[in-house]
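K.L.:
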Amino acid sequence: MSLSELSESVIEALIAIEDRRFYSHPGVDPIALGRALWSNLRRGRIVSGGSTVTMQVAEQLRGTPAPTVWNKLAEMHLALRLELRRSKPEILSLWLNRVSFGNRLHGIEAAAQGYFGKSARDLTPAQAAFLVGLPRAPSRYNPFRHPERAEERQHRVLRAMQDAGFLTPDERKQLAAVPIDVQKPDPVFRAPHLTRWVLRHRRPESRSLAEIRTTIDSDLQRTVANLVEGHVQTFRQETLTNAAAVVLDNRTGAIRAYVGSADFWDDRHGGQNDGVRMLRQPGSALKPFTYAHALASRRYTPATVLADIELNVPEASGAFTPENYDETYHGPTPLRQALASSFNVPAVRLAREFGPAPILETLRDFGFTSLDRAPSYYGVGLTLGNGEVQPIELARAYAGLSRGGTLPPVHAVRWARTVDGDTLSPERSMPKQAGISSSVAHLITDILDDPAARAPGFGRGGPLELPFPVAVKTGTSKDYRDSWTVGYTPRHTVAVWAGNFDGTPMDRMSGVAGAAPLFHSILRELGSGGDFERPPGLQAARVCPASGKRPGAHCPAPHRELFLSGTVPTDTCTVHRVVAIDQRTGRRAAPDTPSRYVQHRRYAVYPKRYHAWMREHDLPLPPNGPQTASQTQTVAAGSLQVTDRLHIRYPADEALFYVDPVLRDRYQRLSLKGTAPDAFRGVHWVVNGTRHAAGTGHVTWRLRPGTHRIELRARHEGQAIRSPAVQIRVVSASKTSGRPAER
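In terms of this note's numbering, the sequence shown opens at residue 871 and continues consecutively.
#1: Relative to the C-alpha of residue 888, which residue among 1023, 953, 1018, 950 is closest?
#2: Quick one: residues in its chain with C-beta nearer than 6 Å to the C-beta of residue 1238, no 5 flanking neighbours on either side, listed in chain order?
#3: Rounded to whole angstroms, how far is the Cβ of residue 886 from the Cβ of residue 1030, which I believe are closer than 8 Å?
#4: Considering only residues of the same chain and omitting the five flanking positions on each side of residue 1044, which have a CB-CB separation below 8 Å?
#5: Count the other C-beta atoms from every protein chain shown that fall within 10 angstroms of the C-beta of residue 1469, then say buried if there are 16 or more, exposed otherwise.
#6: Below 8 Å, can you find three or more Cβ-Cβ pairs linking the region 1118-1125 to the region 1360-1378?
#7: Determine whether the beta carbon atoms of residue 1215 and residue 1178 lie at a separation below 8 Å.
#8: Enumerate in chain order the residues of its own chain whose CB-to-CB distance from residue 1411 is below 8 Å, with the five nearest sequence positions on each side excluded.
#9: For residue 1338, which three-state DSSP category applies?
#10: What ranges does the alpha helix (DSSP H) occupy inside the region 1066-1153, keeping only unbroken runs of at least 4 residues that lie completely in it?
#11: Hey, out of 1458, 1415, 1462, whose CA is closest to residue 1446's CA?
#12: For residue 1149, which residues in the same chain have their Cβ closer than 8 Å to its Cβ, ignoring the five residues on either side in sequence?
#13: Across which residues does DSSP place residue 1581 in a beta bridge pair?
#14: Can you grab the Cα-Cα spacing for the pair residue 942 / residue 1335, in whole Å?
#15: Go through its chain and collect everything with a Cβ distance to residue 1492's Cβ below 6 Å, but skip five positions before and after it.
#16: For the region 1204-1224 against the region 1149-1159, are there 3 or more C-beta pairs whose distance is under 8 Å?
#17: Would you kindly check if the distance between the Cβ of residue 1418 and the Cβ of residue 1218 is under 8 Å?
#18: Nearest by alpha-carbon distance to residue 1091: which of 1099, 1467, 1106, 1127 is it?
#19: Assuming residue 1226 and residue 1249 are in contact, meaning their beta carbons sit under 8 Å apart, how far apart are those beta carbons, in whole angstroms?
#20: Relative to the alpha-carbon of residue 1300, which residue among 1279, 1292, 1306 has its alpha-carbon at the smallest distance?
#21: For the region 1299-1316 against the region 1389-1404, are there 3 or more C-beta pairs whose distance is under 8 Å?
#22: Here's the rule: buried if 16 or more other CB atoms are within 10 angstroms of the residue's CB, otherwise exposed. What is residue 1197?
#23: Should residue 939 go down as buried or exposed, given a rule of 16 or more other Cβ atoms within 10 Å for buried?
#24: Assign residue 1558 to one of two classes, buried (16 or more other C-beta atoms within 10 Å of its C-beta) or exposed (fewer than that).
#25: Are the region 1139-1149 and the region 1362-1376 touching, with three or more C-beta to C-beta distances below 8 Å?
#26: Can you give me the C-alpha to C-alpha distance between residue 1053 and residue 1099, rounded to a whole angstrom?
#27: Please check the pair residue 1593 and residue 1540, which I expect to be a contact at CB under 8 Å, by giving their CB distance rounded to whole angstroms.
#28: Do the region 1342-1359 and the region 1378-1388 touch if we need at least three Cβ pairs shorter than 8 Å?
#29: Contact defined as beta carbons within less than 8 Å: I believe residue 1274 pairs with residue 1308. What is the distance between those atoms, to the nearest angstrom?
#30: DSSP state of residue 1382, grouped into three classes?
#31: Can residue 1553 and residue 1573 be called in contact, C-beta distance under 8 Å?
#32: Per DSSP, what are the beta-bridge partners of residue 1414 in this structure?
#33: If you draw a straight line from the C-alpha of residue 1265 to the C-alpha of residue 1427, how long is it?
#34: Does the beta-carbon distance from residue 1115 to residue 881 come in below 8 Å?
#35: Across which residues does DSSP place residue 1526 in a beta bridge pair?
#36: To the nearest angstrom, how far is it from the Cα of residue 873 to the Cα of residue 961?
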């Protein structure tokens, strides 16, 4: 709910009781912190935290971590960043739409409905002061259990409003005398989407049923529904209008919460669409199943090094070059890190190696029956989520991973009673084996539950981290149309979708930004499910992460990794080497170099395929001997000389590209990448004989249908030179198969 819809009394109460200098500080209030420190020292215990409203929002975004000094500093840092990126009204709106008011009510609108049966826009000043006082300690001031404490807290808020100048003494006394009638909410249409689905799919012979009892946990259902609504209200300014969530019991497959949209009655945003059973592209949420297939083949381990370098993928529908979400390549990357950080390029490499057909078969084994087209329809883009699936399918598949590779029999009906009083138990399918071993399933779980492996892609301390074990994966479909987060504890699986039912793109809202905060809030409500148990068939061993092999004498940071029994590497790392350098020349030392001039340096020497990536990232290779004359040939070509010392790295010659009418113009650009020696001057790109742009840095060219000739030109020693030309073809199409999804 936006601030413009609320009465001034709500804002005034919040400012008065929580942060009187809110409009004058930059997110952190030194005066409040100093006062809190003095109070804590004088009392000998923590009685005040000195948190501003912005710091409280930061704490909510970080998942309410333990009250340590480091967490407080991190909270202050995030508060300062929030103030730079958000306006003061937006920060107030975040606070009012996210905080807990107790009794599983999140956000001011949910609290107003839950305690007073009215919208927050209709709150009286006395009711506003009552509600704003609850988030400080929702359990202590629970109106249902401790009404006297809640009333005392309201009086304290009113006194703060008087001290802040928002109320006169007489107004405060009048409001304090107004009785507060808190009402418990009536049990209404709790799970409308699930109820409708159950009624529509009951058997013809069950029309005489008088009662159907579902597996829904009513308290959890209400909590998740409130969280979904509050989440959408918070992010509506980011062009997000809806969300859906489903919670499964991993042991039984019972649906415990089922929220198909933010508001079932919101016709404007398609509230009666069932987001749990719609077909949407899941983006990178499908990647774990490609990696499960690779691990099950025993040709790969979590330590296997995958190439995250430029890749051109020729497909029947045209070539494409997958890119990572952060628009950079990470070079040699352990499989564990590639999956946890959701890098696109390594996943596509695996899909190319195994082919679309086996990957599709694995996905169908995991219950994705919605993927009903031929493998050629999806191509290798299948691993990046270019096929449409249902959120309930994702939830079941991930629950299968938590169960060691056995899919649960997902169901929503516990029992039913006929008009004659007979109780019927519904027929349920048996658990289904997904085709991988429990050991492989545990490796995927262990990777998705590894925050250190996730850090290169997502950083630390975000909404994907919780204070208990959780295996989690995000996904974003093409053009930011769908935002996903799916994950599980040993006890529950949660699938969250956020987006717009009409397919309108969101404002660059990826899975970690759009769906993950809601996923985090739901998991906090569910709580820990314990630790993931390691099945037999696994063993740990120390490896060097740079090579995935046993550590050598010069490896700087070996660590322990899990392996399927029989796949522990036996070779020793050869990436890390110590080379003797002659300090006088900077080259390799000769056998007769005096020892006083010899320095031993450690280098990471990756295979030759990574050398261009190493040069781009200033990673040194060991020096060679004396340089020899260049073997590069230069041949005449009219007034220009053609030289292979000017090199076009991308696009590839004779590559085919598509113009996608669905994408916006900024996504219809081709990256031009090349290399040129430092001695060359005036390096520039020429497209179809016309100068396009200077340099070999970040250069793009807008795709246009037709055949196009691309050259890289420069001058050297007074001679105009160019690279060998590259010719590409661009055509219009309604669909680009295999275009990479985001993480």
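Positions of the beta carbon are idealized from the N, C-alpha and C atoms, including for glycine.
P.N.:
With the given structure in hand:
#1: 1023
#2: 1259, 1263
#3: Indeed, because the Cβ distance is near 4 Å, the residues count as touching under 8 Å.
#4: none
#5: With fewer than 16 other Cβ atoms within 10 Å, it is exposed.
#6: yes
#7: yes
#8: 1420, 1430, 1431, 1433, 1438, 1439
#9: coil
#10: 1088-1105
#11: 1415
#12: 1240, 1258, 1259, 1260
#13: 1556
#14: Between residue 942 and residue 1335, the C-alpha separation is close to 17 Å.
#15: 1449, 1473
#16: yes
#17: Going by C-beta atoms, residue 1218 is not nearer than 8 Å to residue 1418.
#18: 1127
#19: 6 Å
#20: 1279
#21: yes
#22: exposed
#23: Exposed is the call here.
#24: Around the beta-carbon of residue 1558, fewer than 16 other beta-carbon atoms lie within 10 Å, marking it exposed.
#25: yes
#26: 21 Å
#27: Rounded, the Cβ-Cβ distance is 16 Å, inconsistent with contact.
#28: yes
#29: 3 Å
#30: helix
#31: no
#32: 1419
#33: Going by the C-alpha atoms only, they are around 37 Å apart.
#34: It is not a contact, given that the beta carbons lie outside the stated cut-off.
#35: 1599
#36: C-alpha separation (whole angstroms): 10 Å.
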